[in-house]
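Undergrad:
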DNA sequence: ATGGTGGCGCGGCCA
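Numbering (the numbering used here), first residue to last: 84 to 344.
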């Protein structure tokens with residue numbers, strides 16, 4: 084018996100709902116964390132999700148951002164803000180599902196190095212790290228997943244030379260990402276061998292997906308207790324090949340189910 | 001090529 088957890092930036096749940104419902108039916112994840120739902124909570128398609136046999140919790144806003152957690156089991160202990168961070172942008176959702184703690188994050192994009200948004204991104208990551216420290220102390224089975232908008236290493240970039248120092252790849256962003264790992268998390272994807280040039284995001288422009296000009300910026304970070312039972316972590320490129328796709332593909336991690344304590 | 005594509009929503013922002 085295994086359980087399966089996934090993260091997918093859908094770039095508008097309104098547009099992508101049919102793809103999400105198809106994907107739930109085909110892949111049967113136990114937990115799916117969505118980013119960029121771009122929906123106010125009153126418009127969340129709770130009924131469609133329920134008809135697919137999933138529960139949904141969400142924190143959304145009009146036009147931008149928005150996160151949700153779809154799960155087989157009910158979610159409790161919801162948190163919709165990083166403690167101490169006053170932010171109208173709906174970018175985090177914490178929930179307890181079964182015997183795991185889930186933190187769904189949509190890290191700010193940062194736009195360009197030295198922009199105001201880049202400064203906001205680094206400050207946001209700083210607050211996230213402080214929050215993770217307290218969550219890690221509380222929950223030995225913690226999953227932090229979502230769109231981190233950071234390619235952690237050169238091997239996560241299709242053209243590392245061209246991207247050197249650019250937003251999503253800058254030293255300060257990579258240092259911030261490394262700091263999250265150093266708190267006691269592991270990148271599930273890197274627990275396993277993979278082909279070269281596996282990415283999770285491809286620009287809509289310039290036929291980037293067809294040419295595999297992408298970045299790996301969507302991640303599933305897990306505590307040692309979960310790493311010990313993690314059986315695999317992959318990017319599912321199939322939804323990116325559909326008509327009218329998100330610019331991101333889902334990242335999926337599978338775990339052996341351990342006896343509940 | 002200071003571009004390109006897509007979502008939101010109808011001009012311009014954001015990614």
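We put the beta carbon where it would ideally sit given N, CA and C, even for glycine.
Nearest to residue 91 by alpha carbon, out of 280, 116, 314, 320?
TA: Nearest of 280, 116, 314, 320 to residue 91, Cα basis: 116.
Undergrad: For residue 180 and residue 156, which I take to be in contact (beta-carbon distance under 8 Å), what is that distance rounded to the nearest angstrom?
TA: With a Cβ gap of about 5 Å, residue 180 and residue 156 count as contacting.
Undergrad: Helix, strand or coil: how does DSSP classify residue 300 here?
TA: Note: residue 300 maps to coil in three-state DSSP.
Undergrad: Can you tell me where the beta strand (DSSP E) holding residue 88 begins and where it ends?
TA: 85 to 92 is the span of the beta strand (DSSP E), which, as asked, contains residue 88.
Undergrad: Are the beta-carbon atoms belonging to residue 150 and residue 120 less than 8 Å from one another?
TA: Yes. Within cutoff.
Undergrad: Since residue 113 contacts residue 86 with CB under 8 Å, what's their CB separation in whole angstroms?
TA: With a Cβ gap of about 4 Å, residue 113 and residue 86 count as contacting.
Undergrad: If residue 214 sits next to residue 166, beta carbons under 8 Å apart, how far is it from one beta carbon to the other, in whole angstroms?
TA: Going by Cβ atoms, the distance from residue 214 to residue 166 rounds to 6 Å, so yes, they are a contact pair.
Undergrad: Taking DSSP as the reference, what is the three-state secondary structure of residue 179?
TA: It is a strand residue.
Undergrad: Assess, as a yes-or-no matter, whether the region 250 to 266 is touched by the region 285 to 294 under the definition of 3 or more beta carbon pairs within less than 8 Å.
TA: Counting Cβ pairs under 8 Å, fewer than three are found: no touch.
Undergrad: Measuring only the C-alpha atoms, how far is residue 134 from residue 254?
TA: Those two C-alpha atoms are separated by around 45 Å.
Undergrad: DSSP state of residue 203, grouped into three classes?
TA: Helix at residue 203.
Undergrad: How would you label residue 332, buried or exposed, when you count the other beta carbons within 10 angstroms and need 16 or more for buried?
TA: Buried, by the Cβ-count rule.
Undergrad: Under a three-way DSSP split, which group does residue 152 fall into?
TA: Strand at residue 152.
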